[in-house]
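Heads up, the sequence shown is in the UniProt record's numbering, so the first residue is 1 and it goes up one at a time. Have a look at the structure below before the remarks.
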Amino acid sequence: MSDTNDGLAFLPLGGTGEIGMNLNLYRLGSTWLAIDCGIGFSGNDTPEAEILMPDPVFIVERKADLAGLVITHAHEDHLGAVAHLWPRLGCPIYATPFAASVLRRKLGEAHLTQQVKIHVIAPGGAFNVGPFDLRFIPVTHSVPEAQAVVLRTPHGIIVHTGDWKFDPQPMVGPPTDVAAFEALGDEGVLAMVCDSTNVMTQGPSASEFDVRRSMTDLIGSLSGRIAVTCFASNVARIETIAKAAQAAGRSVVIVGRSLRNLDVSARECGYLADVPPFLSEQEANSLPDDEVVMIITGSQGEPRSALSRIASDSHPNISLGEGDTVIYSSRMIPGNEQAVMQVQDNLTRRGVRVLTDRDHLVHVSGHATGGDVRRLFDLVRPRFAVPVHGEWRHLTANAAIAREKGVLPILLEDGDILNLAPGAVEVVDTAPTGRLVLDGGRLLPMNGGVLAARRRMLFNGIVMGSFAVDDEGYLIGDPKVSAPGLLDPEDPETSRLTEEFGNALDEIPDELRRDDNTFREAAKTALRRALGRKLQKRPLVDVHLLRV
């Protein structure tokens, strides 16, 4: 597909067929616009990685035509990759005050604050990015200032919902602007790109107001230390917990770096104004057990999170035990089940009572239910629907609702380039896609050599052979073989392997011994031959050659 025509196109590079890693592109003429740039967390299928993000190679090759990046809200799966990918994108960023505050802290940690231009747009504000005529529509979500984006183009109006729900009493921030969506429907909408995460839940969304009432009753009924874990960015939930603690005569302690950062951003933007300053974790131990509620990070079982360390009794300041209660005020993200259950099991082993949304109304989703989506289709009445942000089963459920409402759904895979105008609305091309892994300070391709080797080592182990040779390439002394994760040093099989490796080295032809690289490859083959089939695995094999 040419990038220079006068048409309108949509391209998801992340977020279709999976939850997280949202990166969406729109093209108007030859100019591109990005909406959101998020991370995802690894699950059981990617144990070799922890933080994932979409590979932006397609738009990086067109960065001269990238007018800007719009952030819909301050969740990690929508802005968490900005600090890592912005050096490749190099474009201005547009965000509401709260999202901009959160983003500045991330950019500061990456030493990019002075390089990145952030345009702060008021919730509900109108603005232009290159040829794109844009407007925010406030929507309710589990973070302040979530916005849908309206793209007004010569070819028609596109509504990009971002993450949203209907909640008449969201407790923090305004409810979703129903009138604005209805007015767009009256004007005529070409396509709606819609969040699908919670669409399989029937009926209307539950309200944060109901959680506040339930949480107040629950905390008031408990004795001992109370800890509540939730998503740090859910300012309404943090306020709910704080007010429930106040009603019970308890002080509130926050535990975890991300909570401290979000507390600063929230208060900086005028939220939590009537909530007293939170106490630090160091102050928690000076309070009687019945006078404290702790808000703690780690609801998804993250191994280095505060709650995981508390559960394993390795946190430097906080401990929980017999008579204490931990409340999970969050949902379990698919893929994190094993990690969450491990933390809950560790807590229970220590005598802690664990309560979840199966026991009490302590959490409601910030995403639209099937009932919400039906109502939004009735308001907006688009000609086409493009489900995004969800696993494939969520996308197809969203598409089914669209058909039910007389809207033509179009299901996309990451990388599909959807022509929206002129002509037929259809997939016309495919862009290269992939996933990058944050490995320390590096970004590595998920399908690259480093991660492939790590996967192989993880499942099949590694065998290292070391040997010294003289100038002519003949073995000096005995070689050494180590196979961590496969064989113990005292295992008889290790001795057999070492002996057979030495014999195989002696059989390498003289002409292969002169060049070190050639010799190493021959030695690897010799080591593989010595391994034989006894291990019934294909470990990663490497050798260390020392020429004396």
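Here a beta-carbon is modelled for each residue, glycine too, at the ideal position from N, C-alpha and C.
query: Validate contact between the region 56–66 and the region 146–153 using beta carbons, cut 8 Å, 3 pairs; result: no
query: Range covered by the beta strand (DSSP E) that runs through His363; result: Careful: His363 lies outside any beta strand (DSSP E) and carries neither H nor E.
query: Contact the region 76–94 vs the region 109–129: 3+ CB pairs below 8 Å; result: yes
query: Alpha carbon of Asp470 to alpha carbon of Arg547, nearest angstrom; result: 6 Å
query: Contact the region 250–263 vs the region 152–159: 3+ CB pairs below 8 Å; result: no
query: Residues that Arg358 bridges to, as DSSP identifies them; result: Paired residues: none, contrary to the question.
query: Distance between beta carbons of Leu540 and Ala453, contact taken as under 8 Å; result: 6 Å
query: Close-in-space but distant-in-sequence residues of the same chain around Glu182 (CB under 6 Å, 5 per side omitted); result: Leu379
query: The region 303–319 contacting the region 200–220, beta-carbon criterion three pairs below 8 Å; result: no
query: 6 Å CB neighbourhood of Leu355 in its chain, flanking five on each side removed; result: Ile327
query: Inter-residue CB distance, Thr297 and Gly256 (contact presumed, cutoff 8 Å); result: 3 Å
query: Neighbour-count burial assignment, His544, 16 or more Cβ in a 10 Å radius; result: exposed
query: Residues near Pro432 in its chain [Cβ-Cβ closer than 6 Å; skip 5 each side]; result: Val57, Phe58
query: Under 7 Å between C-beta atoms of Lys165 and Asp372; result: yes
query: Asn336 versus Gln300 - alpha carbon distance; result: 6 Å
query: Enclosing alpha helix (DSSP H) for Leu279 [first to last residue]; result: First-last for Leu279: undefined, no H or E at that position.
query: Exposure of Ala179, with buried meaning 16 or more beta-carbon neighbours within 10 Å; result: exposed
query: Collapsed DSSP secondary structure at Lys480 in the structure displayed; result: strand
query: Neighbourhood of Ala306 by C-beta distance below 6 Å, restricted to the same chain and skipping five residues each side; result: Val255, Gly256, Ile296, Thr297, Gly298
query: Spatial distance of Gly7 from Arg267 (CA atoms); result: 43 Å
query: Cβ pair Ile189, Glu239 closer than 7 Å; result: Checking the sequence, you will find Val at residue 189 rather than Ile. Not in contact: Val189 and Glu239 (Cβ atoms no closer than 7 Å).
query: Limits of the unbroken beta strand (DSSP E) element including Trp32; result: 31–37
query: Cα-Cα separation between Glu18 and His389, rounded to whole angstroms; result: 7 Å
query: Unbroken beta strand (DSSP E) run spanning Ser466, endpoints; result: 462–469
query: For Leu79 and Ala64, believed in contact at Cβ under 8 Å, the rounded distance; result: With a Cβ gap of about 23 Å, Ala64 and Leu79 do not count as contacting.
query: Between the CA atoms of Arg350 and Arg538 - distance to the nearest angstrom; result: 41 Å
query: Contact check, Ala424 vs Val407, beta carbons under 7 Å; result: no
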